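**Q** Would you mind keeping the following structure in view while I ask a few things?
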Amino acid sequence: MNILVLNGPNLNLLGLREPELYGDRNYAALEKFVRDLAGELGIELEIHQSNHEGVLVDKIQAAYGKVDAIVLNAAAYTHTSVAILDALKAVKIPVMEVHLTEPKSREDFRRRSFVELVAEKTFSGRGFDSYADAIRYAVEKYGKRA
Ligand code: DQA
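Per our numbering, the very first residue in the sequence shown carries number 8; after that it's consecutive.
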């Protein structure tokens, strides 16, 4: 099984960025965390981060035919990006939506998620463990397909 973990804007600043919300571990620690889990579960996993909406759209398009599931923390683009929603709809790859925090219990503008309109399920509010929950769920649900 092959999972693409895709991270949106400002997640490269983990550790520095509002540590009271996002924690004090940096982005390299997040990469290691998900790669270690992939090793443990015996799956292929690619992880990317971009601050640019179009780059995220390109990554989703490039995943077509190559990836069994996408674990997506679109960060601020979650709340704004019709382009990311349309790319996800086009490729029809199962999507697990991820957030470190619980966006719906924060500011009103974080209550809307375009990603949730196509996501299989949302995993939020558990820091790095939101990613682990999403990856385990994807492996359980899509890892056994021929
Ligand atoms: C986030 C929540 C978003 O509202 C925010 O814009 C982010 C990170 C999270 O992981 O909690 O950048 O997706």
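Beta carbons are placed, not taken as given, at the ideal position from N, Cα and C, and that holds for glycine.
From a predicted model like this one, the values you see are computed outputs, not experimental measurements.
#1: Could you tell me the boundaries of the beta strand (DSSP E) in which Ile-10 lies?
#2: Within the present structure, is the beta-carbon of Ala-36 separated from the nearest heavy atom of the ligand DQA by less than 7 Å?
#3: Glu-127 lies in the alpha helix (DSSP H); which residues open and close that run?
#4: Comparing C-alpha positions only, which one of Arg-119, Ala-69, Thr-87 sits nearest to His-55?
#5: Please report how far the alpha carbon of Leu-79 lies from the alpha carbon of Glu-27, in whole angstroms.
#6: Measuring straight from C-alpha to C-alpha, what distance separates Ile-142 and Asn-9?
#7: Is DSSP giving Asn-17 helix, strand or coil here?
#8: Should Ala-94 be labelled buried (16 or more other beta-carbon atoms within 10 Å of its own) or exposed?
**A** In this structure, then:
#1: Looking up residue 10 in the sequence shown gives position 3. According to the DSSP assignment, Ile-10 belongs to the beta strand (DSSP E) that extends over 9-14.
#2: Start at 1 with the first residue of the sequence shown, and residue 36 comes out as number 29. Checking the Cβ of Ala-36 against the ligand DQA gives no.
#3: The residue labelled residue 127 in the question sits at position 120 within the sequence shown. For Glu-127, there is no enclosing alpha helix (DSSP H), as DSSP marks it with neither H nor E.
#4: Residue numbering aside, residue 55 sits at position 48 when the sequence shown is read from its first letter. Of Arg-119, Ala-69, Thr-87, the residue nearest in Cα terms is Ala-69.
#5: Here the question's residue 79 lines up with position 72 in the sequence shown. Here the question's residue 27 lines up with position 20 in the sequence shown. Distance between the alpha carbons of Leu-79 and Glu-27 is about 22 Å.
#6: Numbered from its first residue, the sequence shown carries residue 142 at position 135. Numbered from its first residue, the sequence shown carries residue 9 at position 2. One C-alpha to the other measures close to 11 Å.
#7: As a first step, residue 17 is located in the sequence shown; it is residue number 10 there, counting from the start. Looking at Asn-17 - three-state DSSP - the assignment turns out to be coil, as it is neither helix nor strand.
#8: By one-based count along the sequence shown, residue 94 stands at place 87. So Ala-94 counts as buried.
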